[in-house]
Amino acid sequence: AFKKLEFVVDIGYYPDETVWFADIVLPACSYLEKHGLIRRTMYPLYPQVSVRQPVVEPMFDSKEDEEILHELARYLGVEDYLPPHGEEVFDKMLEPVGITYKELCERGVYTQAQEFYPMLSFFTPTKKIELYSTVLEKLGYDPLPYWKEPPYKATKEYPFYLVVSRQAYSRHTRSQNLKWLYMIYPENFCYINSKKAKELGIEDGDEVYVESKYGRIKIKAKLIEGIRPDTVWVPAGWGHFTRGKYGYNLTYGKGGSSNILVPTFTVEDMLKRKEPCPTSPICEALVKVYKAR
Numbered sequence: 007a008f009k010k011l012e013f014v015v016d017i018g019y020y021p022d023e024t025v026w027f028a029d030i031v032l033p034a035c036s037y038l039e040k041h042g043l044i045r046r047t048m049y050p051l052y053p054q055v056s057v058r059q060p061v062v063e064p065m066f067d068s069k070e071d072e073e074i075l076h077e078l079a080r081y082l083g084v085e086d087y088l089p090p091h092g093e094e095v096f097d098k099m100l101e102p103v104g105i106t107y108k109e110l111c112e113r114g115v116y117t118q119a120q121e122f123y124p125m126l127s128f129f130t131p132t133k134k135i136e137l138y139s140t141v142l143e144k145l146g147y148d149p150l151p152y153w154k155e156p157p158y159k160a161t162k163e164y165p166f167y168l169v170v171s172r173q174a175y176s177r178h179t180r181s182q183n184l185k186w187l188y189m190i191y192p193e194n195f196c197y198i199n200s201k202k203a204k205e206l207g208i209e210d211g212d213e214v215y216v217e218s219k220y221g222r223i224k225i226k227a228k229l230i231e232g233i234r235p236d237t238v239w240v241p242a243g244w245g246h247f248t249r250g251k252y253g254y255n256l257t258y259g260k261g262g263s264s265n266i267l268v269p270t271f272t273v274e275d276m277l278k279r280k281e282p283c284p285t286s287p288i289c290e291a292l293v294k295v296y297k298a299r
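Note that this note's numbering has the sequence shown beginning at 7, numbered continuously upward.
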């Protein structure tokens, strides 16, 4: 897809795969090098905001994301169309709580402590746990959970259903190159039912090909009992093909990319399905597994 674009600009913290398709690379700061506000959003008991301050100056030629955008806007002569940035925008964001960014820097954390009370209702139209979803019903979807047959069935050529998800040691594609985590989980595997693997002449640790009609990857097999005989699991986030001093040094060429095995859907394709979760089929594919020779 990137190869089809006329011009690609990459803004990132380190040289990942996108960099190799980019015409221009603009290095951005990490969160340890920039200012900001951190709002507690995961089930807070009361409103809470804290300040983010850099522990080091921006390294090399990197800049904060907002600064990059404003520099580009200034160069293009459209800076007036962008909202303010820096301390000015932080002050604007803090107006509802009645403090300034400078005051927050002195305090570190601002909270609006409130008396705790039990939550006796939910944020639904009925204020209840909705097994029968009135929201989905209003949008024209089935209000009750239902089973829908997959659009395809396993075949003699592609006998396995592919499951793509993540394992516990990494997050998306961001943490595979951390040394401590790498020591625990240095590459991903194709997890396959032990009995089924033996039928295919595959032993634990063997290099195998996992192939769908969309592509093929080379990866090591991991034999387990806790998976269906007609299913294989390939964790996402591996199979990096770039490297560099600050890039994916450790994981370069390790494991396989599950993205190669799954279909690519356009927005139009997903909307045609007329389902409340149309992106879930992105992880669907039929595959075959065979020993690498």
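For glycine and all other residues, C-beta sits at the position ideal for the given N, C-alpha and C.
What does DSSP give as the partner residues of residue i in its beta bridges?
i           : result
residue 175 : In DSSP, residue 175 forms no bridge with anything.
residue 33  : 18
residue 222 : 217
residue 168 : 238
residue 199 : 230
residue 2   : No information on residue 2 is available, as it lies outside the stretch 7 to 299 that the chain covers here.
residue 272 : Bridge partners of residue 272: none, in fact.
residue 138 : The partner list for residue 138 (beta bridge, DSSP) is empty, contrary to what the question assumes.
residue 56  : 44, 115
Smallest Cα separation from residue i: which of the options?
i           : options            : result
residue 188 : 122, 258, 168      : 258
residue 145 : 280, 211, 7        : 280
residue 290 : 268, 206, 277, 127 : 268
residue 217 : 58, 168, 182       : 168
residue 5   : 236, 91, 87, 173   : Missing from the structure shown is residue 5; the chain here goes from 7 to 299 and no further.
residue 120 : 51, 25, 8          : 51
residue 162 : 29, 23, 292, 26    : 292
residue 92  : 81, 82, 211, 107   : 107
residue 122 : 248, 102, 53       : 53
Verify whether the separation of the beta carbon atoms of residue i and residue j is less than 7 Å.
i           : j           : result
residue 70  : residue 79  : no
residue 294 : residue 208 : no
residue 226 : residue 213 : yes
residue 56  : residue 115 : yes
residue 199 : residue 233 : yes
residue 238 : residue 264 : no
residue 147 : residue 282 : yes
residue 34  : residue 49  : no
residue 44  : residue 32  : no
residue 261 : residue 155 : no
Helix, strand or coil, according to DSSP, for residue i in the structure here?
i           : result
residue 265 : helix
residue 227 : strand
residue 280 : coil
residue 44  : strand
residue 69  : strand
residue 297 : strand
residue 153 : coil
Check whether chain B comes within 7 Å of residue i, counting only Cβ atoms and requiring the distance to be less than that.
i           : result
residue 183 : Checking the listed chains, one finds no chain B in this structure; it contains a single protein chain.
Is residue i a contact residue of the ligand ATP, with contact defined as CB to any heavy atom under 6 Å?
i           : result
residue 152 : No copy of the ligand ATP appears in this structure; indeed no ligand is present at all.
Exercise. Taking three-plus beta-carbon pairs below 8 Å as touching, is the segment 59-68 in contact with the segment 33-41?
Worked result: Touching, yes, given that three or more Cβ pairs across the two stretches are closer than 8 Å.
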